[in-house]
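Undergrad: Here you go, one structure.
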């Protein structure tokens with residue numbers, strides 16, 4: 025099992041930046057991928073960015089060029105740097121980890137990101 029705690033959300037004006045953090049504990053050495061997801065009111069949860077155990081990254085088209093996913097192995101933390109934020113980025117952001125034997129884990133509390141126009 026891997027436990028994840030999201031942090032770093034808040035209220036920001038359009039065009040601003042935020043950095044989210046996903047702190048992992050437990051069997052972090054077994055993680056295949058960690059992903060950042062978001063869910064806006066009335067919408068389905070969607071993938072925002074992924075990072076693999078080898079450092080490969082993948083982004084949703086809507087955030088390419090604005091968001092950057094990265095990780096600090098020494099701190100067991102994955103970050104999501106969000107720049108040029110738009111009101112449509114407003115959502116609860118979640119991170120999740122994929123293990124080779126059990127797949128994606130349970131969802132945590134997430135962190136709220138609100139972008140005002």
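Residue numbers (my numbering): 25 to 141.
In this text, a Cβ means the ideal position worked out from N, Cα and C, and glycines have one as well.
#1: Quick check: what's the CA-CA separation for residue 57 versus residue 123?
#2: Would you tell me roughly how many angstroms separate the C-alpha atoms of residue 77 and residue 55, rounded to the nearest one?
#3: Kindly indicate which three-state DSSP category residue 97 falls into: helix, strand or coil?
#4: On the DSSP bridge assignment, give the partners of residue 127 in chain order.
#5: Just how far apart, CA to CA, sit residue 107 and residue 67?
#6: Figure out for me which residue from 131, 27 and 73 has the closest Cα to the Cα of residue 49.
#7: Mind checking whether residue 38 and residue 116 have CB atoms under 8 Å apart?
#8: Verify whether the separation of the beta carbon atoms of residue 83 and residue 70 is less than 8 Å.
#9: So, with DSSP's three-state summary, where would you put residue 140?
#10: Going by the beta-carbon positions, is the gap between residue 93 and residue 81 smaller than 8 Å?
#11: Can you give me the C-alpha to C-alpha distance between residue 97 and residue 121, rounded to a whole angstrom?
TA: Reading from the atomic positions:
#1: Position 33 of the chain shown holds residue 57. Position 99 of the chain shown holds residue 123. Approximately 8 Å between the Cα atoms of the pair.
#2: Within the chain shown, residue 77 is the residue found at index 53, counting from 1. Within the chain shown, residue 55 is the residue found at index 31, counting from 1. So the two alpha carbons sit approximately 7 Å from each other.
#3: Here the question's residue 97 lines up with position 73 in the chain shown. Of the three classes helix, strand and coil, the one that applies to residue 97 here is helix, per DSSP.
#4: As a working note, residue 127 is residue 103 in the chain shown. Partner(s): 123.
#5: The residue given as residue 107 occupies position 83 in the chain shown. The residue given as residue 67 occupies position 43 in the chain shown. The straight-line gap from Cα to Cα measures roughly 22 Å.
#6: On the chain shown, position 25 is the one that residue 49 refers to. Residue 49 has its Cα closest to that of 27, out of 131, 27 and 73.
#7: Within the chain shown, residue 38 is the residue found at index 14, counting from 1. Within the chain shown, residue 116 is the residue found at index 92, counting from 1. No, the Cβ-Cβ distance between residue 38 and residue 116 is not below 8 Å.
#8: Here residue 83 is taken as the residue at index 59 of the chain shown, counted from 1. Here residue 70 is taken as the residue at index 46 of the chain shown, counted from 1. Not a contact, by the Cβ cut-off of 8 Å.
#9: Position 116 of the chain shown, counted from the start, is the residue given in the question as residue 140. In the structure shown, residue 140 adopts extended strand secondary structure according to DSSP, grouped into three states.
#10: Reading the chain shown from its first residue, position 69 is the one you call residue 93. Reading the chain shown from its first residue, position 57 is the one you call residue 81. It is a contact, given that the beta carbons lie within the stated cut-off.
#11: In the chain shown, counting from the first residue as 1, residue 97 sits at position 73. In the chain shown, counting from the first residue as 1, residue 121 sits at position 97. Rounded to whole angstroms, the separation of the alpha carbons of residue 121 and residue 97 is 14 Å.
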